[in-house]
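Numbering-wise (the UniProt record's numbering), the sequence shown opens with residue 1 and increments by one. We put the CB at the ideal spot given by N, CA and C, even for glycine.
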Amino acid sequence: MLRDPRIYEYDILAIQELWRNPFAATTHHPAKRVFHLCCPAGNEAGPARVYFFINKRLDHKKWQFKEHSRDICSLTVEFGDDQQEEQNVIIHNVYNPARRSESDSTVLVDVRTILHDNQSSEQILLGDFNLHHPL
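What follows is the structure, encoded as structure tokens:
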């Protein structure tokens with residue numbers, strides 16, 4: 001996907017479960033010239049599972065990345081110009097691990113808290129929620 005030049009037309013990409021190099025603690029990023037890669041730092045629970053690619057043509061002073069966990073991160077983007085009041089939108093990128101049993105944890109409780117804490121802002125929630133309907 002990142003090797004296709006048409007992808008450069010996009011300002012922001014939100015990806016979940018990006019390919020990881022099994023031999024090194026790096027993420028393959030063939031579009032470094034065009035996109036900033038923002039993702040949570042890995043921790044003892046494992047590597048990040050949510051990523052933002054932010055086009056470098058966007059003014060870096062107009063966006064801010066925040067990690068909540070390896071499965072939730074947010075991007076606040078300011079927009080507006082001299083003629084209109086500056087506003088922002090917060091984009092939340094979520095990976096909810098598939099539950100194998102009722103006792104498995106879910107990140108949806110954390111998502112609810114994050115949405116509530118930012119309720120005064122416009123928000124977009126996207127991701128891989130793994131909420132499959134049982135067949």
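Label HIS92 either buried or exposed according to how many other C-beta atoms from any shown protein chain fall within 10 Å of its C-beta, with 16 as the threshold for buried. Counted from its first residue, the sequence shown places residue 92 at position 92. Around the beta carbon of HIS92, 16 or more other beta carbons sit within 10 angstroms, so the residue counts as buried.
The beta strand (DSSP E) enclosing THR76, as first and last residue numbers: Taking the first residue of the sequence shown as 1, we reach residue 76 at position 76. In the DSSP assignment, THR76 falls within the unbroken beta strand (DSSP E) covering 72-79.
Which of the three DSSP states, helix, strand or coil, is assigned to HIS68? Indexing the sequence shown from 1 puts residue 68 at position 68. Residue state, collapsed to three classes: strand.
Between which two residues does the beta strand (DSSP E) holding ILE7 run? Residue numbering aside, residue 7 sits at position 7 when the sequence shown is read from its first letter. Per DSSP, ILE7 lies in no beta strand (DSSP E) segment and is marked neither H nor E.
Here's the rule: buried if 16 or more other CB atoms are within 10 angstroms of the residue's CB, otherwise exposed. What is ASN43? Numbered from its first residue, the sequence shown carries residue 43 at position 43. With fewer than 16 neighbouring CB atoms inside 10 Å of its own CB, ASN43 falls in the exposed class.
Could you name the residues that DSSP lists as bridge partners for GLY46? Looking up residue 46 in the sequence shown gives position 46. Beta-bridge annotation (DSSP): GLY46 is paired with ASN43.
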